[in-house]
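*Asks:*
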Amino acid sequence: MEDRSGARRRQVMNPVENLQKRIYNPQHQREGSVLVPKKLLSPKQAAKPKTVPPVLPPLVPPTIVEPPSDSFTASLNLDARYLREFESGNFLYLQRKRQSFVYDLEVVEHYETNPANYYTMSKAGITHFTTDTSEFCPLDKWELEYKRFRKMRAIPFFQKYRVWKTYNVWKQNIHMTKMYHAKKMLDTHLFFLNPHLQSTLLQLRALTLTISQQSLLRLAPKKTYTLAQLEEEQSRAVVDLTASLHDFSDQVVTLCVAACDAVVDTFLEKNKIVAEHKMTFMERAALRKECRSLTNFVRLADLLVIDAMMQLSVRSFELFLNQCKQSVLPLFSVLAQVQGDMIVATPNAETWRRSFENLLKQSLSVTYVPERLLSHARLQGYTSATMEDDGKASWSVTTLNLATLLNDDVAFNTVSTDIFAALDAAFDAIEEYLGVFHPYFQVYQEDLDAMAHPERFRDATIEQFGDAITMYEEQIKCFVHIPATAVVGVFRVESQDFRQLLLPTPQQCIVCIKTALPQLMKDQSKDILGLLGDLSPTAFSVPTKPDMFVAKVVHMERLGRVLPEIKIKYRRVYEMACLMDNYEWRVPDEIKEDIILMKEGVISLEGTLARFDNDLEAETNRFTQLINDMLPPLTKNVVALQSKLQHPKLETMETPIADALAYLNEQQIIMDQLVGEATKLKEYQVQLKQPASELTEVQEVLDDLTLKTKLWTALGEWERCTVTYNETPFDQINVEAMSTQVQSYMKLASQAQRALPQNQVASTLLSQVEQFKLVLPIVNDLRGTFLQDRHWNQIHSILGFTVKGDTTLTLGNLMERQAMRHGEAISVVSVAAQQEAVLEAMLHKVAAVWHKLELEVKPYKESKDVFVLGAVDEVLAALDDSIVTINTILGSRFIGAIRDEVEGWRKKLVGLQETLDEWLLVQKNWMYIENIFSAPDIQRQLPEASKIFAHVDQSWKAIMKRTNDTPLAITAGSFPGIKETLTQHNIHLDKIQKSLEDYLETKRMAFPRFYFLSNDELLEILAQSKNPHAVQPHLRKCFENLVQLEFGEGSVDMLAMISSEKERVPLGKNLKARGNVEDWLKALEVSMKASIYKLMKFGLADYDTRLRKEWVCEHPGQVVATVAQMTWARQTELVLVKKTQSMQEWLAQVVSELNDLIVKIRGNLTSLERKVIVALVTTDVHARDIVESLWKENVTDVGNFIWQQQLRYYWDPDADDVLIKHSDSIIKYGYEYMGATSRLEPTA
């Protein structure tokens, strides 16, 4: 015990403690103590022992010596009264404990002793009293024997001797009993010991061995089977094996019948039962018992037969599999054939597989030939009694049949699977081998394609023809090497048919070319000769006129371009003929004649083209002069036409329009002829590569004629339009079409006046159109569709006459009444009407939106009667747009007529907006609180809030039911009193929220770890307080690394805690998740710390008893990490203080232990063990660095700051707890469960 200065104060022991020390240390007893007299006392005398009062010296505080805890006196645990009795020299009565050893005594009162066997104890020694004798032993000798006895008990042999001996005796007895019963059972039931059945069993075994050596599948040696041959061979094998098995079955039945007859005869003879004699009941019972035994024998024989059939099946399949795998010669044969665009093996793998399945099934069917003995007619005399005793009408053979046994037999299933796997592997090898034929087959397909499309040779060059013929000749040589047959595993692949299919195709392709060449030559010769015939007439003609010369120039230019192509085509035909000569193929005579004609035609055209090129310049000059001589007459005719267009009658309004247009049409005919002649002359000049004449006079006269024609035409049309407009009823006028026409005529008149300033027609048309244009604004205003009755009344008052409704009113009438004078006033009314119409359209658009916009109402949690609002984004967006539109309308100066209606809509929309805000808030709070108060536990714990919520809940469901029936948004949001109701609900829900928060605060104060949880998470737990598993998802937030609890099956007992690393740490006993959540969680917290404390203490004690690398895998990760740091700090301070070893040696030990862990990591560990060791390695690396630093700095004192600055863990015996020290700070370990978490590298 230390004072504040740290000095240890002297402990003063009270007299009772001093007495205990003296008694529990017999070797320190004072001399002169009073001993028990050596005279033995009888039990009667011992009942009232005389005690000699001891003379005790004054109590002087002795030197305090710790008593050995293993002394006999200490084992009695004497209290103060017995200590005083013993110290005063009196006797203590002792009694043997029940089910204990000789030294396991306890202090009792005299009346509690057993007179036949008890002990007395004094300072002198121990006396053992029995009925007849008494035995005294000095106390020091007794203590010595007690200590030796304790040490012997510590030896495992003596410690477990009683249990071991009892177990051995029990084991021997059990073994003897079982051996006896087994011997008796074998003597009674083992058929092999029966002399009559012994020979039968041996013969049956011989028969079954013989039959099992046969084979279900037969393959003749050195023979290769096609699929049909294999099936035929197996059919014959099945017939032969069926006959053999029939004989086998008959022999088995005969043996069994004979054996049963012999046993029954022996039984009858032994029991002196005469067959013709009427048997008594006891005799019949004995015979039935014997028959029951024979039934078992028959069943055994039946099993031997079934086993033989199983062995036959498995052995046959294994033999067949070995033949398929190990055969040197091919067993089966397939054909390589062409199917479509593929090379396949025929029959294919699927066909072989189905055939194998059928063959195997067929062979297995043979194993059912042997008849079942248990139900055989010849043996029913021996088995019927047992069948009747078992209450059966007949023996069932379906329970144990060969098919079931084979399906369950691993060897049979394995070999069956391997057979088909071998077949698949064989066909895989065949598929791979068939790849050898793919290049040949690809060539074959290309040849077929070439023969199917001979037209591809039409554009081929001579080199390509030669290369193709050479390629086909090479193919002929290559196809000869196609293999006719090959061995692939157990299959022989026959490819002779495939070879014969491919061999003739290259020669056929050559024949195809030989046939195609003459036809190509004939077709091309015909084309060339036809083209030469078309080119020759013009080329050999002599032109006499400019147009003929220009045509010949164009023709000769074309001839210069075409003639090289003709020569190339001719050359190709000629080379084809040479190619046929090279291969000694006959060229038809007609083709030879065509070649001669083509050659002569080409030479002639070449000569003509050369002569034309020589004479071209002179001929061009001659014909150019002729063209130039034709221009002056053309110009003269254009000037004459121009003078005609200046006639005065085309410039005055006195000329009738029809006469002017007729005159202009006559001039237009002449103008078209002149334009055509001018165009033709320009083309001649261009063809002869001469400068083209401008002939501007022609274009000027054409433009003048066109403008005057349009002007006079427009004047006539305008007169007809004005008459139509003036006579058309005003309400039928197409204002848009009229405006378009006026603009068109206005544009033409303006253009004509600029081009023809002296022309009266242009001025007249322009003035008429401008005058009519003044009427358009008022026509537009009066024909507006947006005018209402109030606007028409204003217009009628302005004009002084009625416009609307007057069907006789025309545009002419308006002009006569001078309506244009009131245009400005009418325009004001029209603009106002137009603006009011725009505002009304905006208002009607808003109204149309809300007449069809509905609130989305959906069922709540799949309930049919409870509803909530769905997405209201569309409603809110429409509401915002509508309010903006209404405010825009209210800001216009033209609102006067619809102000009341607009104000009404504004009030509705603003009210709906406010109602929706309250509505959504209520829904949000209701949905949150409804989940909480739907739990009965919450209702019970918050009755007042639950009552308020029930009222809100009922009202809310009624509102939503009404809204679901009438979901129109404007109707539901403007329901009388709904806004006030929702506002009141929000107040109540806020009050409930406050109650919930207060309630949660009380829970958090009861268990502060609840502060780590959100309100929703805590309410989820409290709502399921009777379900402890509801806490599981939230444990990680409440505890550092406790993520799951292990509960007892079907109980609320908490057995263990599990970390995120799946580490399991047991908890204390009787820990139940019962009652309030916060209460049992607090109990869990206490148990968690207590469990970690116990494990920590046990881990520390266990550390020194085994190797460290083994110790790390036997304890939880947290214990390993903490204890490792405690032992490291302890050992380091021992090195610093007591110099148990040098610091360098301690460093070497630390490194060695670290290396041991690294080696262990590389071994076979579980994921959890690996995480524990990796975390410990991280800590050990830091510990190594610190020890190395202490060694290098030559630190020899624990007070050195290099040591004091480290974070150190200790087990304090006084506090019986883990203390963490750093410098002058001391912290108690918290025992929070950390799991097997990883560690970061600590820093100083």
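Everything in the sequence shown is counted per the UniProt record's numbering, starting at 1 for the first residue and increasing by one.
Virtual Cβ for every residue (Gly too), placed ideally from N, Cα, C.
For Thr709 versus Gln758, is the C-beta distance shorter than 8 Å?
*Replies:* Here residue 709 corresponds to residue number 709 of the sequence shown, with the count starting at 1. Here residue 758 corresponds to residue number 758 of the sequence shown, with the count starting at 1. Result no, Cβ atoms of Thr709 and Gln758 do not sit closer than 8 Å.
*Asks:* By Cβ distance below 7 Å, which residues in the same chain neighbour Val1172 in space, the five residues on each side in sequence not counted?
*Replies:* Position 1172 of the sequence shown, counted from the start, is the residue given in the question as residue 1172. Hits under 7 Å: Val1112, Gly1117, Val1120 and Ala1236.
*Asks:* Hey, how far is the Cα of Thr810 from the Cα of Ser763?
*Replies:* The sequence position of residue 810 within the sequence shown is 810, counting from 1. The sequence position of residue 763 within the sequence shown is 763, counting from 1. Roughly 27 Å between the two C-alpha positions.
*Asks:* Closest to His647 by C-alpha separation, out of Pro633, Asp704, Glu593 and Glu619, would be which residue?
*Replies:* Here residue 647 refers to the residue found at position 647 when the sequence shown is read from its first residue. It is Asp704.
*Asks:* Helix, strand or coil for Leu968, going by three-state DSSP, please let me know.
*Replies:* In the sequence shown, the residue the question calls residue 968 occupies position 968. Three-state result, Leu968: strand.
*Asks:* If you compare alpha carbons, which of Phe1039, Glu836 and Arg561 is closest to Gly1230?
*Replies:* If you number the sequence shown from 1, residue 1230 lands on position 1230. Closest option to Gly1230, Cα to Cα, is Phe1039.
*Asks:* Excluding sequence positions up to five away, which residues of its chain have a Cβ less than 7 Å from the Cβ of Phe191?
*Replies:* The residue you call residue 191 lines up with position 191 of the sequence shown. Here the set comprises Leu197, Leu201, Phe297 and Leu300.
*Asks:* List, from N- to C-terminal side, the beta strand (DSSP E) runs of 3 residues or more that fit wholly inside the stretch 61–129.
*Replies:* 92–96, 105–108 and 117–121
*Asks:* Taking only runs of the alpha helix (DSSP H) that begin and end inside the stretch 626–698, which ones reach a length of at least 4 residues, in chain order?
*Replies:* Runs of the alpha helix (DSSP H) lying entirely within the stretch 626–698 and spanning at least 4 residues, in chain order: 631–645 and 657–687.
*Asks:* Based on DSSP bridge pairs, tell me the residues matched to Leu1219.
*Replies:* Position 1219 of the sequence shown, counted from the first residue, corresponds to residue 1219. Answer is Tyr1210 and Lys1228, bridged to Leu1219.
*Asks:* Under 8 Å: do the stretch 622–630 and the stretch 682–702 share three or more Cβ pairs, one atom per stretch?
*Replies:* yes
*Asks:* Buried or exposed: Lys845, going by 16 or more other Cβ atoms within 10 Å of its Cβ?
*Replies:* In the sequence shown, the residue the question calls residue 845 occupies position 845. Burial call: exposed.
*Asks:* In terms of residues, what are the limits of the beta strand (DSSP E) holding Thr485?
*Replies:* Counted from its first residue, the sequence shown places residue 485 at position 485. Counting along the chain, the beta strand (DSSP E) containing Thr485 begins and ends at Thr485 to Val488.
*Asks:* Check Glu494 in the structure and name its three-state DSSP category.
*Replies:* Mapped onto the sequence shown, residue 494 falls at position 494. It is a strand residue.
*Asks:* May I ask you to report which of helix, strand or coil DSSP gives Val1112?
*Replies:* Here the question's residue 1112 lines up with position 1112 in the sequence shown. If DSSP states are grouped into helix, strand and coil, Val1112 belongs with coil.
*Asks:* Take the Cβ of Gln475 as the centre, count every other Cβ of all protein chains shown within 10 Å, and call the residue buried at 16 or more, exposed below.
*Replies:* One-based indexing of the sequence shown puts residue 475 at position 475. Result: buried.
*Asks:* What residue does the alpha helix (DSSP H) around Ile1092 start on, and which one ends it?
*Replies:* Stepping through the sequence shown from its first residue, residue 1092 is reached at position 1092. It spans Val1077 to Tyr1103 - the alpha helix (DSSP H) in which Ile1092 sits, taken as one unbroken run.
*Asks:* Which of the three DSSP states, helix, strand or coil, is assigned to Pro221?
*Replies:* As a first step, residue 221 is located in the sequence shown; it is residue number 221 there, counting from the start. Three-state result, Pro221: coil.
*Asks:* In whole angstroms, give me the CA-to-CA distance for Val769 and Ile826.
*Replies:* For the purposes of this step, residue 769 is taken as the residue at position 769 of the sequence shown. For the purposes of this step, residue 826 is taken as the residue at position 826 of the sequence shown. Distance between the alpha carbons of Val769 and Ile826 is about 22 Å.
*Asks:* Grouping DSSP H, G and I as helix and E and B as strand, with all else coil, what is Ile948?
*Replies:* Taking the first residue of the sequence shown as 1, we reach residue 948 at position 948. Correct three-state label for Ile948: helix.
*Asks:* Return the Cβ separation of Leu78 and Val107 in integer angstroms, given the expectation that the two are a contact with Cβ distance under 8 Å.
*Replies:* On the sequence shown, residue 78 is found 78 positions in, with the first residue counted as 1. On the sequence shown, residue 107 is found 107 positions in, with the first residue counted as 1. Rounded, the Cβ-Cβ distance is 6 Å, consistent with contact.
*Asks:* In its own chain, which residues sit with a C-beta less than 6 Å from the C-beta of Ser1238, not counting the 5 before and 5 after it?
*Replies:* As a position in the sequence shown, residue 1238 is number 1238, starting the count at 1. Once the five neighbours on either side are set aside, the close Cβ partners of Ser1238 are Ala1175.
*Asks:* Out of curiosity, what's the CA-to-CA distance linking Arg1074 and Glu1046?
*Replies:* Residue numbering aside, residue 1074 sits at position 1074 when the sequence shown is read from its first letter. Residue numbering aside, residue 1046 sits at position 1046 when the sequence shown is read from its first letter. When rounded, the distance between both Cα atoms is 15 Å.
*Asks:* Could you spell out where the alpha helix (DSSP H) holding Thr1122 opens and where it closes?
*Replies:* Here residue 1122 is taken as the residue at index 1122 of the sequence shown, counted from 1. Gly1117 to Val1137 is the span of the alpha helix (DSSP H), which, as asked, contains Thr1122.
*Asks:* Would you tell me roughly how many angstroms separate the C-alpha atoms of Lys1192 and Ala1101, rounded to the nearest one?
*Replies:* The residue labelled residue 1192 in the question sits at position 1192 within the sequence shown. The residue labelled residue 1101 in the question sits at position 1101 within the sequence shown. Computed Cα separation, rounded: 32 Å.
*Asks:* Tell me the residue span of the beta strand (DSSP E) that contains Gln743.
*Replies:* Counting from one through the sequence shown, the residue named residue 743 turns up at place 743. Unbroken run through Gln743 is the alpha helix (DSSP H), Val735 to Ala755; no beta strand (DSSP E).
*Asks:* Say the cut is 7 Å; is the CB of Gln1118 nearer than that to a heavy atom of the ligand GTP?
*Replies:* Ligands in the displayed structure: none, and consequently the ligand GTP is not present.
*Asks:* With distances taken between CB atoms, is the gap from Glu901 to Leu843 smaller than 8 Å?
*Replies:* One-based indexing of the sequence shown puts residue 901 at position 901. One-based indexing of the sequence shown puts residue 843 at position 843. Result yes, Cβ atoms of Glu901 and Leu843 sit closer than 8 Å.
*Asks:* With respect to the beta strand (DSSP E) encompassing Val334, which residues constitute its N-terminal and C-terminal limits?
*Replies:* By 1-based counting over the sequence shown, the position of residue 334 is 334. Run containing Val334: Phe332 to Gln339, per the beta strand (DSSP E) assignment.
*Asks:* Just to confirm the assignment, what range does the beta strand (DSSP E) spanning Lys151 have?
*Replies:* In the sequence shown, residue 151 corresponds to position 151, counting from 1. Lys151 -> not in any beta strand (DSSP E); alpha helix (DSSP H) instead, spanning Leu139 to Ala154.
*Asks:* With DSSP as the reference, label Leu1045 as helix, strand or coil.
*Replies:* The sequence position of residue 1045 within the sequence shown is 1045, counting from 1. Note: Leu1045 maps to strand in three-state DSSP.
*Asks:* If I follow the unbroken alpha helix (DSSP H) through Pro1066, where does it start and stop?
*Replies:* Start at 1 with the first residue of the sequence shown, and residue 1066 comes out as number 1066. No alpha helix (DSSP H) contains Pro1066, which is instead part of the beta strand (DSSP E) from Arg1064 to Pro1066.
*Asks:* Which runs of the alpha helix (DSSP H) spanning at least 4 residues fall entirely within the stretch 919–944, listed in chain order?
*Replies:* 936–941
*Asks:* Let me check understanding here. Comparing Cα to Cα, which of Thr808, Glu1133, Asn780 and Leu664 lies closest to Asn726?
*Replies:* Counting from 1 along the sequence shown, the entry for residue 726 is found at position 726. From the listed residues Thr808, Glu1133, Asn780 and Leu664, the smallest Cα separation to Asn726 is found for Thr808.
*Asks:* Quick check: the stretch 974–984 against the stretch 935–942, are there 3 or more CB pairs under 8 Å?
*Replies:* Judged by Cβ distances under 8 Å, the stretch 974–984 makes no contact with the stretch 935–942, as fewer than three pairs qualify.
*Asks:* Could you give the first and the last residue of the continuous alpha helix (DSSP H) run that contains Leu765?
*Replies:* On the sequence shown, position 765 is the one that residue 765 refers to. Unbroken alpha helix (DSSP H) run through Leu765: Gln760 to Lys773.
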